[in-house]
Amino acid sequence: RAPSFFVVVLKSDQFVVVQPVSSDTSAASVERLRETLQRSWRDLCDTEYAKYNNMLLETTNSKKARPSHRVAEPSRIVLVYPLPPHVTDVISITQTDLDRLQPAEYLNDNLVDYYFKYDKPPTCIATIDSMGNYHRKPKITSHLKTFLSLHSGIQDAAILTEKLRGPQQSNGFDCGVYMLLAAQHMLRTFLALKEAGVEFPDVQDLLNVDAFTQVDADNARRSMLRHLEQNAAEYARLMDAE
């Protein structure tokens, strides 16, 4: 059952109706409003309730009288997005969808989906080589672009490639450790930039040559071994208990 709504009286002729999502939320909302506004909680008096009912009735009648833009017959498709030649994960925007962008209209799933597709940054492949120019990065990225093009409908030209400069290993066997530390550093930096208000951090800002050291790589190996041994001991205990 939906929780009861409550009304905040701003002025004698101004009301705000609050419909909480749960009873717990309702109680918390009332208490928060009471503390913020420094006003007591009480039932509406008869005069206030009558004013509120009249305003609600006027608003409801106004919405009913407003001409609807929606039509019963199928609406004309005005856009398929992403634009051709994309053929997968696309949405069809109709004239009815556009009408929903008028004031006082609810958005639908199509409009929400379009917003996130339109607003997202472009696909980017970043290469990080902890051994300098040891790997043939253009060859690797060309295969990745082909894969993305075939499976996602993204054109090769629309996929950006970035070469990041990260810490360099001093041996030929720590590639995997450096890859893990680089990924960890990039994710942490990305989250920190997002929390600082950077909506779309530049990939070049996520890693630098001083992000971690060989000592960090050695410590990462020991840390992984320690955690694995602890998990292995716990696993053995669980198996013995069966």
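Using this note's numbering, the first residue of the sequence shown is number 88, and each one after it goes up by one.
Backbone N, C-alpha and C fix where the C-beta goes; we use that ideal spot for every residue, glycine too.
DSSP lists no bridge partner for alanine 270.
In the three-state scheme derived from DSSP, where H, G and I count as helix and E and B as strand, glutamate 122 is classed as helix. Membership of serine 257 in any beta strand (DSSP E) is not indicated, and neither H nor E is assigned to it by DSSP.
In the DSSP annotation of this structure, the continuous segment of the beta strand (DSSP E) that includes alanine 213 starts and ends at 211-215. In the DSSP assignment, threonine 181 falls within the unbroken beta strand (DSSP E) covering 178-181. With distances taken between CA atoms, asparagine 306 lies nearest to Asp261 out of Ser236, Asp261 and Ala319. In the same chain as valine 177, and ignoring 5 residues on each side of it, the C-beta atoms closer than 7 Å to its own belong to Val167, Tyr168 and Pro169, in chain order.
The beta carbon of serine 179 sits closer than 7 Å to the beta carbons of Ile164 and Val167 from its chain, once the five residues preceding and following it are set aside; these are given in chain order.
Contact check for methionine 218 against glutamine 271 fails: the beta carbons are separated by 8 Å or more. Contact between isoleucine 241 and threonine 228 does not hold, since the beta-carbon distance rounds to 13 Å and is not under 8 Å.
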